[in-house]
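One structure below.
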Amino acid sequence: MYKALHTIPFNKAMDLLYHSYEKPTKHLLLEPFCTVARLCLLSYKETNTKISIVNNGISYHHPHFSQGFLRSWYGDNREDLHNLYYPLTYFILWYPKTNPRYTPLYEECQRGIQTLRSVYENHSTIHHTLTHYLKLLREGVIDSDAQDTKDTSDTKDTQDTKDTQDTYTDASDTDTNPIVHKLQNLWTHEEQILVLHLLQMISTSSETSLIYIKLCEDLLSHKELQVYQYIHTVTTEY
Numbered sequence: 029m030y031k032a033l034h035t036i037p038f039n040k041a042m043d044l045l046y047h048s049y050e051k052p053t054k055h056l057l058l059e060p061f062c063t064v065a066r067l068c069l070l071s072y073k074e075t076n077t078k079i080s081i082v083n084n085g086i087s088y089h090h091p092h093f094s095q096g097f098l099r100s101w102y103g104d105n106r107e108d109l110h111n112l113y114y115p116l117t118y119f120i121l122w123y124p125k126t127n128p129r130y131t132p133l134y135e136e137c138q139r140g141i142q143t144l145r146s147v148y149e150n151h152s153t154i155h156h157t158l159t160h161y162l163k164l165l166r167e168g169v170i171d172s173d174a175q176d177t178k179d180t181s182d183t184k185d186t187q188d189t190k191d192t193q194d195t196y197t198d199a200s201d202t203d204t205n206p207i208v209h210k211l212q213n214l215w216t217h218e219e220q221i222l223v224l225h226l227l228q229m230i231s232t233s234s235e236t237s238l239i240y241i242k243l244c245e246d247l248l249s250h251k252e253l254q255v256y257q258y259i260h261t262v263t264t265e266y
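Each number in this note's numbering comes from the position in the sequence shown (counting from 1) with 28 added on.
What follows is the structure in structure tokens.
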């Protein structure tokens, strides 16, 4: 098959590759602290960078010619951003804005969401949704407007999205919900402080910011992998 790719146009070759492999499952359940930290880093990415939600983590798609192909490959669309609602609201519940330790995360996350919002048209549904996320983080409380935005969105209720809703909806008692208990206890105090220090150094050290971004992303990737492996285990074992 690969030898034949040299004899057909590039777009045809990409289409052949796209339909020849099984696409990854989305797995949309996200851990709140990772989600906010990932959004914080968006303000340091190239203009028009978009995000993907795959395997219980967030990845970045830079504005290169391959961006559209890669997003199509992973089954991404702008409506996936509605799945940020639950991790953001539980971040507010678990890491309250009234605690000065987390104030920088709220501020950086708002800048990241503003960067992401600028990619989309002003009157689009997702632009409206991201505006509500900014309001959530700015006020640090869960309001009815944000809930209404999620409930009235025109997204399709995929099985992954339904599983995410069910998991977080049942999160009122972490003792009886092992997945939510795992998410809430994924980060140690020392690890949280490390992320906060890295974000501070990223914002103040222009010459070495790329090094600190890489360190932060590596730590987040490790945590997201832990979430993916744990959820995969608890949902496949009897």
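Note that CB positions come from ideal geometry on N, CA and C, so glycine has one too.
| Among 235, 142, 139, 222, the one whose alpha carbon lies nearest that of residue 248 | 222
| task | Can you give me the start and stop residues for the alpha helix (DSSP H) that residue 161 sits inside? | result | 153-167
| Exposed or buried, which one is residue 129 when buried takes at least 16 other CB atoms within 10 Å? | exposed
| Expressed to the nearest angstrom, what Euclidean distance is found between the alpha-carbon atoms of residue 211 and residue 60? | 8 Å
| query | Since residue 89 is in the beta strand (DSSP E), which residue starts that stretch and which ends it? | reply | 85-89
| field | Contacts around residue 134, its chain only, beta-carbon distance under 6 Å, and the 5 residues preceding and following it disregarded | value | 125, 165
| task | Have a look at the DSSP bridge pairing and note the partners of residue 125. | result | Answer by DSSP bridge pairing: none, since residue 125 is not bridged.
| task | Give me the Cα-Cα distance between residue 262 and residue 205, rounded to the nearest whole angstrom. | result | 11 Å
| query | Helix, strand or coil: which one does DSSP assign to residue 249? | reply | helix
| DSSP three-state assignment for residue 64, whether helix, strand or coil | helix
| How would you call residue 232, buried or exposed, if buried means at least 16 neighbouring beta carbons within 10 angstroms? | exposed
| query | Could you give the distance in angstroms between the alpha-carbon of residue 86 and the alpha-carbon of residue 156? | reply | 21 Å
| Proximal residues to residue 255 (C-beta, below 6 Å), its chain only, five neighbours per side dropped | 59, 84
| said: Nearest by alpha-carbon distance to residue 214: which of 75, 253, 149 is it? | reply: 253
| field | Euclidean distance between Cα positions of residue 91 and residue 73 | value | 10 Å
| Near residue 71, what residues of its chain come up, given a Cβ to Cβ distance below 6 Å and the 5 sequence neighbours on each side ignored? | 139, 140, 143
| When the distance is taken between beta carbons, is residue 89 closer than 8 Å to residue 77? | yes
| Selected residue, minimal CA-CA separation from residue 163, among 122, 217, 117, 229 | 117
| task | Find the nearest neighbour of residue 122 within the set 66, 236, 239, 62, judged by alpha-carbon distance. | result | 62
| How many whole angstroms separate the CB atoms of residue 136 and residue 244, which I take to be in contact at a CB cut-off of 8 Å? | At roughly 11 Å, the Cβ-Cβ gap does not stay under 8 Å, so residue 136 and residue 244 are not in contact.
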